[in-house]
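Visitor:
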Amino acid sequence: MPRPRFNKLAEKKRMQILETAAKVFAAHGFENASFNRILEQAGVSKGAAYYYFDDKADLFFTTVQHYAGQWIGEITQIDPAKLDRDSFWVAMGDLYHQPYSRFYETPWAFGVIQAAQRLPLEMLSAEGLTGYMNQLLTWLAAILKQGQALGVVRTDLPDDLLFAVISGFDRASDEWLVRHWSQLDRAEIDRIALQMADMLRRLISP
21 MPRPRFNKLA
31 EKKRMQILET
41 AAKVFAAHGF
51 ENASFNRILE
61 QAGVSKGAAY
71 YYFDDKADLF
81 FTTVQHYAGQ
91 WIGEITQIDP
101 AKLDRDSFWV
111 AMGDLYHQPY
121 SRFYETPWAF
131 GVIQAAQRLP
141 LEMLSAEGLT
151 GYMNQLLTWL
161 AAILKQGQAL
171 GVVRTDLPDD
181 LLFAVISGFD
191 RASDEWLVRH
201 WSQLDRAEID
211 RIALQMADML
221 RRLISP
């Protein structure tokens, strides 16, 4: 968690630091990102930085919590219990489209969330991020259970294997989009998001 002095900064300065950090972490991942480079690009001296954060990890997880909290809070507004056979795959299509549309102008915000998902679970737990991840995973599990109850999601695989298949598919799709984001316009990203949702439907339908 950031130190109290960070939260007392003017909002414009706090957002400048978080945006700069997100860009560097998204481009290089946590391990390869340079703390000094982030500080230099954000216009923060190293001495001042330690008034705000304990270290690079503290800055990284503060940045992830800022962007992931907003994103997860938005997508988990969908109530799995309210989905029926007609609306299930429409909702799944929206789930794929919504984050890419939301982050179209700020792909680095999406990238830093992806960087966090590549870290070991124990590191996420140590930094207090498991709450966010558990909220998302619990909600996704409820979505799948509702799909199975409706007969639109396969039941012939163990639940943990089905979840692993979906997670692998999502990770590969997200990583590809992050790498190619600068080459795609909004219409192309929208088209690819819908195609990915259709691929997932064909992958996990009965």
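Under the numbering used here, the letters of the sequence shown match residues 21 to 226, in that order.
We put the beta carbon where it would ideally sit given N, CA and C, even for glycine.
By alpha-carbon positions, which one of Q97, Y72 and D190 ends up nearest to I133?
Guide: For the purposes of this step, residue 133 is identified with residue 113 of the sequence shown, where counting begins at 1. Checking every option, the nearest Cα to that of I133 belongs to D190.
Visitor: Would I37 and V64 qualify as a contact pair, given that the criterion is a beta-carbon distance under 9 Å?
Guide: Walking along the sequence shown from the start, residue 37 turns up at place 17. Walking along the sequence shown from the start, residue 64 turns up at place 44. In contact: I37 and V64 (Cβ atoms closer than 9 Å).
Visitor: Would you kindly work out how many angstroms separate the C-alpha atoms of E39 and K66, rounded to a whole number?
Guide: Residue 39 sits at position 19 when you count from the first residue of the sequence shown. Residue 66 sits at position 46 when you count from the first residue of the sequence shown. Those two C-alpha atoms are separated by around 17 Å.
Visitor: Taking only the alpha-carbon atoms, compute the straight-line gap between A161 and E208 and give it to the nearest angstrom.
Guide: Counted from its first residue, the sequence shown places residue 161 at position 141. Counted from its first residue, the sequence shown places residue 208 at position 188. Approximately 29 Å between the Cα atoms of the pair.
Visitor: By alpha-carbon positions, which one of H117, I163, P127 and R206 ends up nearest to D218?
Guide: As a position in the sequence shown, residue 218 is number 198, starting the count at 1. Closest by alpha carbon: H117.
Visitor: Candidates R105, E31, T126 and P119: which alpha carbon is nearest R221's?
Guide: To locate residue 221, count along the sequence shown from 1; it is residue 201. Checking every option, the nearest Cα to that of R221 belongs to R105.
Visitor: So F80 and F45 are in contact, right, with Cβ under 8 Å, and what is the actual spacing, rounded?
Guide: By 1-based counting over the sequence shown, the position of residue 80 is 60. By 1-based counting over the sequence shown, the position of residue 45 is 25. Right, their Cβ atoms sit about 6 Å apart.
Visitor: Using the three-state DSSP reduction, which class does V132 fall into: helix, strand or coil?
Guide: In the sequence shown, residue 132 corresponds to position 112, counting from 1. Here V132 sits in helix by DSSP.
Visitor: Whole angstroms is fine: what's the gap from R211's alpha carbon to M112's?
Guide: Within the sequence shown, residue 211 is the residue found at index 191, counting from 1. Within the sequence shown, residue 112 is the residue found at index 92, counting from 1. Approximately 14 Å between the Cα atoms of the pair.
Visitor: Relative to the C-alpha of L103, which residue among K33, E51 and K165 is closest?
Guide: The residue given as residue 103 occupies position 83 in the sequence shown. Ranking K33, E51 and K165 by Cα distance to L103 puts K165 first.
Visitor: Would you check if the distance between the CB atom of V84 and the CB atom of A136 is smaller than 9 Å?
Guide: Here residue 84 refers to the residue found at position 64 when the sequence shown is read from its first residue. Here residue 136 refers to the residue found at position 116 when the sequence shown is read from its first residue. Cβ atoms of V84 and A136: closer than 9 Å.
Visitor: Is K28 helix, strand or coil by DSSP?
Guide: Taking the first residue of the sequence shown as position 1, residue 28 is located at position 8. K28: coil per DSSP, three-state reduction.
Visitor: Report, in whole angstroms, the separation of the C-beta atoms of Y120 and A53, which I expect to be a contact under 8 Å.
Guide: Start at 1 with the first residue of the sequence shown, and residue 120 comes out as number 100. Start at 1 with the first residue of the sequence shown, and residue 53 comes out as number 33. Incorrect: roughly 23 Å between the Cβ atoms, too far for contact.
Visitor: May I have a chain-ordered list of the beta strand (DSSP E) segments no shorter than 3 residues that lie completely inside the segment 149-185?
Guide: none
Visitor: Expressed to the nearest angstrom, what Euclidean distance is found between the alpha-carbon atoms of K32 and W91?
Guide: Numbered from its first residue, the sequence shown carries residue 32 at position 12. Numbered from its first residue, the sequence shown carries residue 91 at position 71. The alpha-carbon atoms of K32 and W91 are separated by roughly 20 Å.
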